[in-house]
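**Student:** Okay, handing you the structure first.
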Amino acid sequence: MNAAAPCQVVVNDEEQHALWPSGSPVPAGWRSTGFSGTEDECTAHIDEVWPDIRPLSLRAAPAERGRR
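Its first residue numbered 10, the sequence shown is counted upward by one per residue in the numbering used here.
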């Protein structure tokens, strides 16, 4: 992706985040978070909002084991 090209942050049901070109249709299984900017801005945003990069199902697994 071109660092100067505008992009947006997208997220899937596993709460995994990714950069996607602004103006391009978001692929199936993903939705826009509403954040857009340069690649650097979007990457910084993802670093802030997604500190634990494990998929949601994996993050939830330890909590499920603790309830049994």
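Glycine included, each C-beta is placed from N, C-alpha and C at the ideal position.
1. Reducing DSSP to helix, strand and coil, say where residue 41 ends up.
2. Check whether the region 38-52 touches the region 63-72, taking contact to mean three or more Cβ pairs, one atom from each stretch, closer than 8 Å.
3. In three-state DSSP terms, what is residue 69?
4. In terms of residues, what are the limits of the beta strand (DSSP E) holding residue 20?
**Tutor:** Taking the structure as given:
1. Residue 41 falls in the strand class under three-state DSSP.
2. The region 38-52 makes no contact with the region 63-72, as fewer than three CB pairs between them are under 8 Å.
3. The three-state reading of DSSP puts residue 69 in helix, counting H, G and I together.
4. 16-21 is the extent of the beta strand (DSSP E) around residue 20.
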